[in-house]
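In this note's numbering, the protein residues as written are 916 to 1060.
Structure record follows, encoded as structure tokens.
Structure representation (structure tokens):
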């Protein structure tokens, strides 16, 4: 998306309608919800959330890439513990690379911000080498999915 289009969608009045792909619609929802930060590790199909939309809104929120999935989760968790809402994006293999940080995040409680993990599944492997249903991992980690 071009920066002008993203800006127009952000400033549009409530009830405006757009035809968007799923990643762009999700990113727009994150912006409208007032999230403080977004980070992730690049990998299609999750890359487009940051690369095509959120990269243009760095005046509204902190947006950046991490060196790997575990660092992305840890960064997002730090924002959440500080009381800010954060988004972390990655594809399914990254969920298992960051498993320690993800499962640890389930034990933080109290007044904190939200940590949303956008794990892009590819059930017909077109852009990843793994066909995995991550719902079992997240439910065993005591995380909502």
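Ideal Cβ placement from N, Cα and C applies to all residues, glycine included.
Going by the DSSP bridge assignment, what does residue i pair with across the sheet?
i	result
residue 935	Residue 935 pairs with nothing; no bridge assigned.
residue 954	979 and 1003
residue 921	None, per the DSSP bridge assignment.
residue 986	Bridge partners of residue 986: none, in fact.
residue 1030	1001
residue 1035	1006
Buried or exposed for residue i, please, with buried defined as at least 16 other CB atoms from any protein chain shown within 10 angstroms of its CB.
i	result
residue 932	exposed
residue 982	exposed
residue 926	exposed
Distance check for residue j and residue i, CA to CA, integer angstroms please.
i	j	result
residue 1019	residue 990	13 angstroms
residue 1002	residue 1017	13 angstroms
residue 998	residue 1023	12 angstroms
residue 1053	residue 1034	11 angstroms
residue 917	residue 934	15 angstroms
residue 961	residue 1058	20 angstroms
residue 1015	residue 924	37 angstroms
Of the choices the options, whose alpha-carbon is the least far from that of residue i?
i	options	result
residue 985	948, 957 and 949	957
residue 1049	1021, 1009 and 1026	1009
residue 928	947, 937 and 936	947
residue 1031	1000, 938 and 976	1000
residue 1012	964, 1045, 976 and 966	1045
Looking at residue j and residue i, is the spacing between their C-beta atoms short of 8 angstroms?
i	j	result
residue 978	residue 921	no
residue 1047	residue 988	no
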